[in-house]
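Residue numbers (the numbering used here): 267 to 578.
Even for Gly, the Cβ is constructed at its ideal location relative to N, Cα and C.
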Amino acid sequence: METITSDDIIWSPQKTQHLQDQLVDSWSEDIWKLNGESGSACYLRFHLTSPALRTEIKYAIWHKFHTKAWNEEKDVSRLRARLNHLVVWLNGISPNGASLLEKRLEYWEWSLRSHLIEMGLFKQWKGAPGLRANQVYVTYLCEDRRISLLRQIYATLQKAYDDRPILERDIWDMCQLGLPVNLTNSNYLLNFTSIVQPWLRSLAKTFMRYRIAIASPADCSNKLWALHIFSRFLAQDFPQCTPKDIRRDLIVRYISELRIQSKLVDSFRQALVHLRVFLETCTQHLKVQGLSKERRYCQLGNVAEHCAKITA
């Protein structure tokens with residue numbers, strides 16, 4: 267999800283009207299009749315008192331269906347109940363709101379979470395347990411589904427209102443960049459928002475500007491996937507890490523963690539190979555300052571050797 271702040275994006279009534287103009291035919295109505303998974307009719311009701319918020323919510327959900335990010339038949343039944351909660355909450359907290367981007371996402375999340383708790387509806391769910399490097403299983407609580415829906419709506423609106431050059435954004439549309447994307451594959455975005463370290467996100471963009479000129483869209487997506495994994499590791503184990511801290515001891519720790527977390531040998535190998543290419547490209551070709559230029563750490567402790575150990 268895009269993490270740029272509302273301060274970075276200029277929204278206006280004219281832009282909101284542009285969103286409304288894209289909602290044609292039955293999508294322009296305030297009640298949508300869609301087909302559920304069982305083939306029965308399922309209704310989405312957009313009874314928001316604020317015309318602007320009504321347009322924004324309708325546009326965001328239409329866009330998800332239009333781009334195939336959501337499957338109408340599979341997702342509409344679950345979406346209906348979550349949307350109803352959002353409508354009730356927004357009518358109470360912002361009956362005359364001009365845009366969700368009036369306030370930061372953190373404010374809306376806090377408000378919705380408080381509303382759900384007050385109504386006795388707040389519900390987190392447990393993700394799949396994972397084994398850490400210290401051999402301790404950790405189970406993480408995942409956010410309430412209605413808050414997740416709010417985040418997706420907010421991110422969609424950010425992208426719709428964001429008229430900055432594509433390469434300055436946190437989500438790049440490879441179709442807009444002119445890359446030969448397979449249109450039957452929905453994975454056409456390069457999303458940097460899960461890279462939580464600002465310096466690593468900036469470095470990833472610098473690397474990807476270079477990479478998209480010489481590699482396929484699939485290769486770019488795979489490299490970014492590996493950086494997401496590395497970013498998550500740094501956030502958990504080295505939250506104060508800076509570029510100069512990416513040295514052999516940290517990489518060895520990462521390899522150890524990755525060996526335990528990865529269920530498939532091939533995924534383990536690919537994550538390391540992609541990270542090695544990223545680091546070597548940054549130091550040798552892009553001449554990025556601050557990163558160690560030691561050949562040893564760029565080889566990530568000899569990827570082939572470690573892969574051989576876990577397959578032995």
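Cβ neighbours of residue i in the same chain (closer than 7 angstroms, five flanking residues each side left out)
| i | result |
| --- | --- |
| Arg475 | Leu433 |
| Tyr373 | none |
| Trp355 | Leu378 and His381 |
| Pro509 | Trp465, Gly556 and Leu557 |
| Leu416 | Leu352, Trp374, Glu375 and Leu378 |
| Leu314 | Arg320, Ile323, Val353, Leu356 and Asn357 |
| Lys281 | Tyr427 |
| Leu289 | Lys324, Tyr325 and Trp328 |
| Pro361 | Thr315 and Ser316 |
| His540 | Asn488, Lys489 and Ala492 |
| Leu469 | Cys548 and Val554 |
| Ile359 | Ser377 |
| Val305 | A small fix is needed here, since residue 305 is Gly in this sequence, not Val. Once the five neighbours on either side are set aside, Gly305 has no close Cβ partner at all. |
Selected residue, minimal CA-CA separation from residue i, among the options
| i | options | result |
| --- | --- | --- |
| His284 | Lys324, Ala479, Val342 and Gln390 | Lys324 |
| Arg519 | Pro509, Leu500 and Arg535 | Leu500 |
| Arg477 | Ser497, Leu443 and Ile461 | Leu443 |
| Pro505 | Val462, Phe544, Leu469 and His351 | Val462 |
| Trp329 | Thr422, Leu545, Leu516 and Glu546 | A small correction: the amino acid at residue 329 is His; Trp does not occupy that position in the sequence shown. Closest option to His329, Cα to Cα, is Thr422. |
| Leu445 | Gln424, Ala481 and Ile419 | Ala481 |
| Leu490 | Glu338, Gln390, Leu289 and Leu545 | Leu545 |
| Leu371 | Tyr420, Phe331 and Asp410 | Tyr420 |
| Asn453 | Pro317, Gln502 and Cys486 | Cys486 |
| Pro317 | Asp532, Ala364, Ile383 and Asn488 | Ala364 |
| Gln390 | Leu366, Glu384 and Cys408 | Cys408 |
| Leu349 | Asn362, Ile359, Leu541 and Arg412 | Arg412 |
| Leu367 | Ser278, Arg542, Ser497 and Val543 | Ser278 |
| Leu493 | Pro361, Ala479 and Leu456 | Leu456 |
| Arg513 | Gln502, Ile526, Arg542 and Asp532 | Arg542 |
| Ser497 | Ala335, Asp515 and Arg467 | Arg467 |
| Glu615 | Phe312, Gly305 and Ser306 | The chain is shown from 267 up to 578; residue 615 falls before or after that span and cannot be answered. |
Own chain, CB closer than 8 angstroms to residue i, minus 5 neighbours either side, in chain order
| i | result |
| --- | --- |
| Asp429 | Ile276 |
| Leu524 | Ile495, Phe499, Phe534, Ala537 and Leu538 |
| Lys471 | Leu433 and Phe458 |
| Cys308 | Lys299, Leu300, Asn301, Gly302, Val342, Ser343 and Arg346 |
| Asp511 | Phe504 |
| Thr547 | Phe473, Tyr476 and Arg477 |
| Lys340 | Glu303 |
| Ser292 | Trp298 and Lys299 |
Residue i - partner residues in DSSP beta bridges
| i | result |
| --- | --- |
| Leu367 | Bridge partners of Leu367: none, in fact. |
| Leu300 | Cys308 |
| Asp439 | Leu455 |
Close Cβ partners of residue i (< 6 angstroms) along its chain, the five nearest in sequence each way excluded
| i | result |
| --- | --- |
| Lys553 | none |
| Trp298 | Leu310 |
| Phe331 | Glu338 |
| Phe388 | Leu382 and Asp410 |
| Pro483 | Met440, Leu445 and Val447 |
| Gln286 | Thr321 |
| Cys507 | Leu500 |
Item to check | Complete runs of the alpha helix (DSSP H) confined to the stretch 303-365 [at least 4 residues] | outcome: 317-332 and 338-359
Item to check | Residue ranges of each beta strand (DSSP E) within the stretch 447-477, 3 or longer | outcome: 455-457
Item to check | Runs of alpha helix (DSSP H) lying entirely within the stretch 491-544, each at least 4 residues, in chain order | outcome: 514-527
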